[in-house]
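In our numbering, the protein residues as written are 76 to 282. Positions of the beta carbon are idealized from the N, C-alpha and C atoms, including for glycine. Heads up: the structure comes next, in structure tokens.
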């Protein structure tokens with residue numbers, strides 16, 4: 076009897092796709108450092124966000140990690156039922172660019188909030204490249220990891236990751252309605268989903 080065909084693989088980002096990262100980050104920053112940020116102000120370039128030098132960014136990053144902020148993110152309620160439906164026809168993996176300093180917190184959070192939905196959790200190493208200046212690390216993408224796991228699809232909110240994957244022939248879903256991804260001209264292999272309902276509609280159309 077022939078073996079069933081392998082399920083296509085979807086790589087799924089965490090921050091602002093599965094977890095309300097920007098929302099919780101700016102709330103913490105406003106309380107701890109007296110900033111007046113809104114979720115739409117968020118950027119991975121923390122020095123630019125805070126208008127501080129890189130030494131101060133390192134100090135604040137240490138505080139954020141010590142406070143285990145990443146364990147306190149709100150999960151997106153609407154994601155769970157969609158992801159569970161997708162597991163019937165797809166194999167799902169988490170692919171995150173979070174640094175190895177918070178990998179344990181990340182894995183614990185995923186297991187707590189999303190249970191056994193995902194077949195594995197993978198991390199890109201761009202934030203671990205201490206040999207590179209922070210500005211160079213900001214240019215890094217998850218593309219190597221996405222290709223290594225043989226992903227057929229990527230769901231991510233960051234344009235740079237979606238563009239890199241799309242250019243490598245991977246179908247990508249640019250997720251969310253965020254300031255940092257609004258107005259982006261979609262490339263070949265890219266589509267936009269403003270919420271998890273639209274994600275489900277997209278994958279239903281792939282069947």
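Judged by DSSP secondary structure, residue 183 falls outside any beta strand (DSSP E) and instead within the alpha helix (DSSP H) spanning 178-189.
Taking C-beta separations shorter than 6 angstroms and ignoring five residues to either side along the sequence, the partners of residue 259 in its chain run 234, following chain order. Per DSSP, residue 269 lies in no beta strand (DSSP E) segment and is marked neither H nor E. Look at residue 120 here: in three-state DSSP terms it is coil, with no helix or strand label.
Per DSSP, reduced to three states, the secondary structure at residue 165 is coil, with no helix or strand assignment.
A direct Cα-Cα distance of roughly 20 angstroms separates residue 106 from residue 90.
Within the same chain, 118 come within 6 angstroms of residue 124 by CB-CB distance, once the 5 residues on both sides are set aside. By the CB criterion at 8 angstroms, residue 221 and residue 250 fall outside the cutoff.
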